[in-house]
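Residue numbers (mature numbering (1 follows the signal peptide of the UniProt record, and there is no 0)): -22 to -1, 1 to 580.
Here it is, written out as C-alpha cells:
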C-alpha cells in the first residue's frame, strides 16, 4: 500500500513539474536565440528572471553575466560576481575580466596575480585556474598559472600538453621548442606528436634553427639519445639540407642497429625532391651493409632506378642509355630474373623499347616476366600494361588491346583497371576510332583516380570539340598520328605532322592542342626554352582552352626546375591558383608557390 502511495505521489509530482521544466527550457532556448542574434536587451530580461529563480544563480550565472557585459552594465555585473565569489572563489577571475573589460588593467592584473600567488599544490585546482584564464582569452596568465603550478608541484613535466598547445597558439617558438624537447626526454613515444607540433608552428628557416641550436646542446650532453638524432635529421630534412640529414640518419641507424628501413624511405623522399646524388649515397650505405642485409637487393635495384631518372631528365646520349642498360643486365646476371628483380626488368624493357628501338628484346623480357612464380597479381598486371605499350610501338595493336582488356577485366573499378581502360581508349584514338574512344573516356570521367579522370576528360573534350567543326575527322586523325609518333619517341616526325595540320586544315580547332603537344615534345627533347615559349603562346592566345591550366603549371615547373627563373615561376603558379581554382594542379601549384615565396612547407 505504501509503495502504491509513493508511486502515485511520484507520478503526480512528475505531471505537475514537467510543464514547469518545459517552460524553463523554452525560455532558456529563446534567451539563447536572442543572445546569438545580438538582441542582448531581450536576452537580458529572460536571463535575469532565470537567474533569480530557485537555484538559477548557479545554473544561469555565466549566461546572465555575459549578457550584462555585452550591454556594459558593469555595476550589475560586479554585484553578481561578488555574490558568486562567496560560493566559488575562482569567480575572482570574472572580476578581473570585468576590470579588464572596463579598461582598468592594473586592477585586473592585481586580481590575476593574487589568484596565481594563492594557488595551492593541487593539480586539479591549478588546472581549473588555467582553464578559467584560457576561457576568457587570457593566454599569458594561463601560461603563468601552469608554470607556477609546476613549481608548486615540484614536477617539471606537469601540464606539458597544455603548455605546448598554448605556446603553439601564441607562437612562442623558443618556449614551444624547449617544451617539446622536454616532453620527448620523458616520453620518447611522443616524438611524432612533437614533430607535428613544431611543423605547425614553424614558419621559416630561422625557426628551425632554434630547434637545431637546442638539439646540438642536448646531443653534446647526451649523445646516446637517439630521439635527438632523429629530430635533428628531421630538422635538416625540413630545410632540405639532405646531406646533413643523411649523416644523422646513418648515425641513428648505426646506433640502433637498424635494418635501414628509415633510410630506404628517406631515399624515396630524396628522389621526389630530385636530390639524386644524396639518394645514391643512401643506397651506397645500404649496399655496404652486405648481401644479407634487408635492403641489399632492393637498394641495388633502386640505385639503378635513381640513375635512370637522373639520366632521362637531363640531356642524354645514346651512350648514356647503353651504359644504363649494361648496368641493368649486370644486375640481372648477378641476381637472376625473378619476382625480386621485376622492377629492374621493367626498367630495362622500357629503355630497350623506347630509347634503343630494341622492341623484340623488350617484348621477350616482359613476356618471360609475366610467368614468374610468386608474383603478385598487381605486379603481373603492371607487366601486362608495359608489354601492351611495347606492342603499340611494334604496331601489334590487336595484341595490345587484348592485354589492356585482360587487366581491365581483372581489376574492374580499381585504379589498375581504369588505367588499362584509358590506355585502350587512347589506342582507339590512335586508330581513328573516335566514337568508341570517346564512349570509353566518358565512363572514365568518373574514375576514382583524379589523374585518370582528368586525362579522360581532356581527351574526350578534344574529340568532341574537333568533330563538331570537322565531321570527317581528317584533321583529328592527323593529330592522333602525331600523338602516336611522339609516344614512339619519333619526335621530329611528330612535329612535322603537327605543322602539316594547320597548312592542310587552316580552320581547324586543334591549334591549342597542337601547341600543347609541341611543348611536350620540346620538353622531351630538353629544349626547355622552346617549350616555355610554346606554353606562353598557348596561354596568351587560348586562355579558355582545356589546356590553359596544364600549360601554366608546366610552364612554372620548367621555369623553376630547368630555366632558373624563380620570379616568373612564382608568377605563373599564382596565376594558375587565381584563374583556375578548380584545376587538378591547384594544390601542387599552391605548394610550389609557397616554397618560392619562402614559406616552410610541411
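All C-beta atoms, glycine included, are put in the ideal place defined by N, C-alpha and C.
Tell me which residues share the same chain as residue i and place their Cβ nearer than 7 Å to its Cβ, disregarding the 5 neighbours each side in the sequence.
i           : result
residue 416 : 438, 441 and 442
residue 112 : 120
residue 278 : 265 and 309
residue 503 : 469
residue 459 : 475
residue 179 : 146, 149, 151 and 154
With distances taken Cα to Cα, identify the nearest neighbour of residue i among the options.
i           : options               : result
residue 446 : 433, 487, 414 and 456 : 487
residue 370 : 385, 235, 285 and 337 : 337
residue 159 : 126, 6, 194 and 132   : 194
residue 383 : 373, 294, 395 and 500 : 395
residue 463 : 453, 452, 475 and 454 : 475
residue 520 : 493, 499, 504 and 552 : 493
residue 556 : 545, 542, 81 and 571  : 571
residue 305 : 292, 316, 284 and 293 : 284
residue 523 : 444, 552 and 451      : 444
residue 161 : 179, 139 and 311      : 139
residue 40  : 10, 386 and 276       : 10
residue 467 : 344, 367 and 249      : 367
residue 543 : 137, 240, 196 and 506 : 506
residue 472 : 449, 498 and 451      : 498
residue 349 : 315, 66, 19 and 551   : 315
residue 400 : 434, 385 and 414      : 434
residue 118 : 219, 480 and 91       : 91
residue 16  : 219, 4, 44 and 33     : 44
In whole angstroms, give me the CA-to-CA distance for residue i and residue j.
i           : j           : result
residue 274 : residue 281 : 11 Å
residue 509 : residue 265 : 39 Å
residue 581 : residue 483 : Nothing can be reported for residue 581, as the shown portion of the chain is limited to -22 through 580.
residue 79  : residue 143 : 25 Å
residue 540 : residue 534 : 10 Å
residue 217 : residue 184 : 10 Å
residue 365 : residue 269 : 31 Å
residue -2  : residue 36  : Reliability fails at residue -2, whose pLDDT of 46 lies under 50, so the model's placement of it is uncertain and no value is given.
residue 166 : residue 73  : 42 Å
residue 422 : residue 393 : 11 Å
residue 470 : residue 420 : 32 Å
residue 500 : residue 453 : 22 Å
residue 389 : residue 355 : 10 Å
residue 576 : residue 177 : 15 Å
residue 243 : residue 224 : 12 Å
residue 109 : residue 234 : 41 Å
residue 351 : residue 375 : 28 Å
residue 319 : residue 313 : 8 Å
residue 127 : residue 101 : 7 Å
residue 372 : residue 465 : 12 Å
residue -22 : residue 57  : Bear in mind that a pLDDT of 45 at residue -22, under 50, signals an unreliable position, so the number given afterwards is only what the model happens to contain. Each residue's Cα considered, the two are about 51 Å apart.
residue 6   : residue 55  : 20 Å
Verify whether the separation of the beta carbon atoms of residue i and residue j is less than 9 Å.
i           : j           : result
residue 537 : residue 547 : yes
residue 363 : residue 398 : yes
residue 49  : residue 71  : no
residue 588 : residue 238 : For the chain, the structure presents residues -22 to 580; residue 588 sits outside this window and is missing.
residue 357 : residue 391 : no
residue 52  : residue 25  : no
residue 132 : residue 99  : yes
residue 287 : residue 334 : no
residue 405 : residue 379 : yes
residue 46  : residue 38  : no
residue 322 : residue 353 : no
residue 232 : residue 291 : no
residue 414 : residue 424 : no
So residue i and residue j are supposed to be a Cβ contact under 8 Å. How far apart are they, rounded?
i           : j           : result
residue 156 : residue 192 : 6 Å
residue 59  : residue 107 : Contact flag wrong, Cβ pair sits at about 16 Å.
residue 457 : residue 491 : 6 Å
residue 114 : residue 86  : Actually they do not touch by this definition, with Cβ atoms about 10 Å apart.
residue 153 : residue 145 : 5 Å
residue 581 : residue 89  : What is shown of the chain runs -22 to 580, which leaves residue 581 out entirely.
residue 408 : residue 477 : Not really, about 19 Å apart at Cβ, beyond 8 Å.
Considering only residues of the same chain and omitting the five flanking positions on each side of residue i, which have a CB-CB separation below 8 Å?
i           : result
residue 221 : 256 and 259
residue 554 : 527, 530, 531, 534, 561, 563, 564 and 567
residue 328 : 340 and 364
residue 247 : 215
residue 302 : 282, 285, 286, 289 and 329
At a threshold of 8 Å, does residue i count as lining the ligand GDP (C-beta to nearest heavy atom)?
i           : result
residue 427 : No copy of the ligand GDP occurs in the structure displayed, which carries no ligand at all.
Could you name the residues of the same chain whose beta carbon sits closer than 6 Å to that of residue i, not counting the 5 residues immediately before and after it, in chain order?
i           : result
residue 600 : With the chain represented from -22 up to 580, any question about residue 600 goes unanswered, as that position is not in the structure.
residue 141 : 124 and 157
residue 213 : 186, 189 and 190
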